[in-house]
Amino acid sequence: MTKVSVIVPIYNCEKYVAQCVESLRAQTMEDFQAICVDDGSKDASLDAARDAAAGDGRFDFYQLPENRGQSVARNLALDHARGEYLVLLDADDYLVPEALAKLVSRADTQRLDDLYFSGKAFFEDEQARRLVPEDYSNRPSFEGVASGMELFAFFEQSDAFFAQAPLRMVRRDLVERAQIRFCEGIIHEDLLFTMQTLVESARSSFLNEELYMRRVHAGSTMAQPRRTAENVRGHFVCLQKMERWIREHPDRLDGDFAQAMAHRFAAYRALMAHDWKLELTEGERAGFLDSLSPLERFEFFSSVVYPDTYVQDVYDSKTYRLGDAIASLPRTVVEKVSGALRRGRES
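Numbering (the numbering used here), first residue to last: 42 to 388.
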């Protein structure tokens, strides 16, 4: 068995993919399999990757006949993986030379199901920095071993959880045993994959070292100048599936994890409400609603659109402002009485 299978989906990244491949060839741990899947690139990305890997039998290349999305490419690679562990690497990013060696050493020593690690974002220009201001530098360290749910709750307490699938290494037999694959046809698929795997992990930990170099550039999926219905759709599908799992497995939950998940759900719903209200055009909204079943439309409006609208309407209403003014009168009276008593005692 190969120690690590590194999955590299490739799409229109001719400018960057050679550095990605070269970072794998430079790894101090040589026992890995790299599975590179070209997702119907319209440039010479596949040729650039093959040239960079020339003569290295650890690299396997596959090509999809048309662009199907990152999830399809990753799932194809998962079907061909034979490593004990899985690592995901985007073709416009790269790993530091000691990355795989450090990850395997820690995972083997602590007998881990999955191991989170840190990265460093670097930006091609100021536009990319404004669009995706990622910073992984303030994450608290965690040296011990916990279940995936416990570690998620630990991260969520300090807003230090990152859902990016490439920022963790997971044991392949966990993924196969739970029959987990990336959800196809959406973006933000990392969120669902990470959640599906972490709830299956009995032994998780965090290596607080910058092993992953994440390139943020204007052409990447997450650095688009405007968010669209695909952003809303991706988060909505992920939350639907995650909430379904929670309701089907109440016996596996504990209070801290449940509260942490509620906090995470609220953050994504607020983001969807923002996108729906301020980013999407009328045509995008109509197209998104047409794609939903009546039940899905009910869930979307009841959990995303109407709560945000109701809260804003309440705060903006004259009734609320009048009620708040009336409610403030007793506080004012109490403050005045307390001040008079205090002055009386002081005199």
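Beta carbons are placed, not taken as given, at the ideal position from N, Cα and C, and that holds for glycine.
Next on the checklist: The beta strand (DSSP E) that contains Phe203, what's its start and end?
Outcome noted: Here the question's residue 203 lines up with position 162 in the sequence shown. Counting along the chain, Phe203 falls outside any beta strand (DSSP E), and DSSP gives it neither H nor E.
Next on the checklist: Buried or exposed, going by whether 16 or more other CB atoms sit within 10 Å of the CB of Thr235?
Outcome noted: Taking the first residue of the sequence shown as position 1, residue 235 is located at position 194. That one is buried.
Item to check | Alpha-carbon spacing of Ser112 relative to Ile76, whole angstroms | outcome: Residue mapping note: residue 112 aligns to position 71 of the sequence shown, counting from 1. Residue mapping note: residue 76 aligns to position 35 of the sequence shown, counting from 1. Taking the straight line from one Cα to the other gives about 14 Å.
Item to check | Proximity test, Cβ basis, 9 Å: Ala259 and chain C | outcome: Within the model displayed, chain C is absent; a lone protein chain is all it includes.
Next on the checklist: DSSP has Thr43 in a bridge; who is on the other side?
Outcome noted: As a working mapping, residue 43 is identified with position 2 in the sequence shown. Looking at the DSSP assignment, Thr43 forms a beta bridge with Gly124.
Checklist entry - Residues in its own chain within less than 6 Å of Glu107 by CB, not counting five upstream and five downstream? => result Sequence index remark: in the sequence shown, residue 107 carries index 66 (1-based). These residues qualify, in order along the chain: Gly81.
Next on the checklist: One question on the structure: do Asp292 and Glu191 come within less than 9 Å of each other, judged by their Cβ atoms?
Outcome noted: Numbered from 1 along the sequence shown, position 251 holds the residue referred to as residue 292. Numbered from 1 along the sequence shown, position 150 holds the residue referred to as residue 191. Contact flag unset, no.
Item to check | Reduced DSSP category for Ile287 - H, G, I as helix; E, B as strand; rest coil | outcome: Position 246 of the sequence shown holds residue 287. Ile287: helix per DSSP, three-state reduction.
Next on the checklist: As a quick exercise: from Asp154, Asp101, Leu105, Leu232, pick the residue whose alpha carbon is nearest that of Arg218.
Outcome noted: The count along the sequence shown starts at 1 and reaches residue 218 at position 177. Minimum Cα distance to Arg218 is reached at Asp154.
Next on the checklist: Count Cβ pairs between the segment 216 to 233 and the segment 155 to 167 that sit closer than 8 Å; are there 3 or more?
Outcome noted: no
Checklist entry - Leu117 and Phe102 look like a contact to me (Cβ under 8 Å); what is the Cβ gap, rounded to whole Å? => result On the sequence shown, residue 117 is found 76 positions in, with the first residue counted as 1. On the sequence shown, residue 102 is found 61 positions in, with the first residue counted as 1. Not confirmed; about 11 Å, so no contact.
Checklist entry - How is Pro50 classed by DSSP in three states: helix, strand or coil? => result Locating residue 50 in the sequence shown gives position 9, counting from the first residue. DSSP places Pro50 in strand when its eight states are reduced to three.
Checklist entry - In chain order, which beta strand (DSSP E) runs of at least 3 residues are fully inside the segment 134 to 167? => result 155 to 164
Next on the checklist: Out of Val62, Glu323, Lys318, His276, which one is the CA nearest neighbour of Ala307?
Outcome noted: Working through the sequence shown from its first residue, we reach residue 307 at position 266. Restricting attention to Val62, Glu323, Lys318, His276, the CA atom closest to the CA of Ala307 is found in His276.
Item to check | Sub-9 Å separation of Gln68 and Leu156 beta-carbons | outcome: Taking the sequence shown and counting its residues from 1, the one referred to as residue 68 is at position 27. Taking the sequence shown and counting its residues from 1, the one referred to as residue 156 is at position 115. The answer is no: Cβ separation not under 9 Å.
Checklist entry - On the three-state DSSP scale, how would you describe Gln265? => result The residue labelled residue 265 in the question sits at position 224 within the sequence shown. Coil, per DSSP.
Checklist entry - Who pairs with Glu325 in a beta bridge, going by DSSP? => result One-based indexing of the sequence shown puts residue 325 at position 284. None, per the DSSP bridge assignment.
Checklist entry - In whole angstroms, what is the alpha-carbon distance linking Phe247 and Lys44? => result If you number the sequence shown from 1, residue 247 lands on position 206. If you number the sequence shown from 1, residue 44 lands on position 3. Spanning the alpha carbons of Phe247 and Lys44 requires a straight line of approximately 19 Å.
Checklist entry - Does the beta-carbon of Tyr347 have 16 or more other beta-carbons within 10 angstroms, so that it is buried, or is it exposed? => result Residue 347 sits at position 306 when you count from the first residue of the sequence shown. Note on Tyr347: under 16 other CB atoms within 10 angstroms of its CB, so exposed under the neighbour-count rule.
Next on the checklist: Would Ile221 and Gly110 qualify as a contact pair, given that the criterion is a beta-carbon distance under 9 Å?
Outcome noted: Within the sequence shown, residue 221 is the residue found at index 180, counting from 1. Within the sequence shown, residue 110 is the residue found at index 69, counting from 1. It is not a contact, given that the beta carbons lie outside the stated cut-off.
Checklist entry - Run through DSSP, which three-state label would Glu217 get? => result As a working note, residue 217 is residue 176 in the sequence shown. It is helical.
Checklist entry - Anyone know if the C-beta pair for Ala132 and Ala90 falls short of 9 Å? => result Taking the sequence shown and counting its residues from 1, the one referred to as residue 132 is at position 91. Taking the sequence shown and counting its residues from 1, the one referred to as residue 90 is at position 49. The answer is yes: Cβ separation under 9 Å.
Next on the checklist: DSSP three-state label for Asn179, please.
Outcome noted: Within the sequence shown, numbered from 1, the residue matching residue 179 stands at position 138. Residue state, collapsed to three classes: coil.
Checklist entry - With respect to the alpha helix (DSSP H) encompassing Gln60, which residues constitute its N-terminal and C-terminal limits? => result As a first step, residue 60 is located in the sequence shown; it is residue number 19 there, counting from the start. Note, Gln60: alpha helix (DSSP H), 58 to 66.
Next on the checklist: For Val257 and Gln281, I'd like the C-alpha separation in whole angstroms.
Outcome noted: As a position in the sequence shown, residue 257 is number 216, starting the count at 1. As a position in the sequence shown, residue 281 is number 240, starting the count at 1. Cα to Cα, the separation comes out at about 29 Å.
Checklist entry - Can you tell me whether DSSP reads Arg209 as helix, strand or coil? => result By one-based count along the sequence shown, residue 209 stands at place 168. In the structure shown, Arg209 adopts extended strand secondary structure according to DSSP, grouped into three states.
Next on the checklist: According to DSSP, simplified to helix, strand and coil, what is Asp131?
Outcome noted: On the sequence shown, residue 131 is found 90 positions in, with the first residue counted as 1. Residue state, collapsed to three classes: coil.
Checklist entry - Which residues share a DSSP beta bridge with Met190? => result On the sequence shown, position 149 is the one that residue 190 refers to. Paired residues: none, contrary to the question.
Next on the checklist: Just to confirm before moving on: does the CB-CB distance between Leu144 and Met210 stay below 9 Å?
Outcome noted: Counting from one through the sequence shown, the residue named residue 144 turns up at place 103. Counting from one through the sequence shown, the residue named residue 210 turns up at place 169. Cβ atoms of Leu144 and Met210: closer than 9 Å.
Checklist entry - Is it right to say Glu230 is buried, meaning 16 or more other beta carbons lie within 10 angstroms of its own, or is it exposed? => result Start at 1 with the first residue of the sequence shown, and residue 230 comes out as number 189. Buried.
Item to check | Strand pairing of Ser246, partner residues [DSSP] | outcome: Position 205 of the sequence shown, counted from the first residue, corresponds to residue 246. Paired residues: Leu156.
Item to check | Distance CB(Trp317)-CB(Val278) smaller than 9 Å | outcome: Residue numbering aside, residue 317 sits at position 276 when the sequence shown is read from its first letter. Residue numbering aside, residue 278 sits at position 237 when the sequence shown is read from its first letter. No. Outside cutoff.
Checklist entry - From Met302, Glu55, Ala201, pick the residue whose C-alpha is nearest to that of Asp176; which is it? => result Numbered from its first residue, the sequence shown carries residue 176 at position 135. The shortest Cα separation from Asp176 among Met302, Glu55, Ala201 belongs to Ala201.
Checklist entry - For the putative contact between Ala94 and Val62, defined by C-beta atoms under 8 Å, what is the C-beta separation to the nearest angstrom? => result Against the sequence shown, residue 94 aligns to sequence position 53. Against the sequence shown, residue 62 aligns to sequence position 21. So it is a contact: roughly 5 Å between Cβ atoms.
Checklist entry - Looking at the structure shown, is Leu294 part of a helix, part of a strand, or coil, going by DSSP? => result Position 253 of the sequence shown holds residue 294. In this structure, Leu294 counts as coil in the three-state DSSP scheme.
Next on the checklist: Within 10 Å of its beta-carbon, does Met302 have 16 or more other beta-carbons around it, so buried, or fewer, so exposed?
Outcome noted: The sequence position of residue 302 within the sequence shown is 261, counting from 1. Label assigned to Met302: buried.
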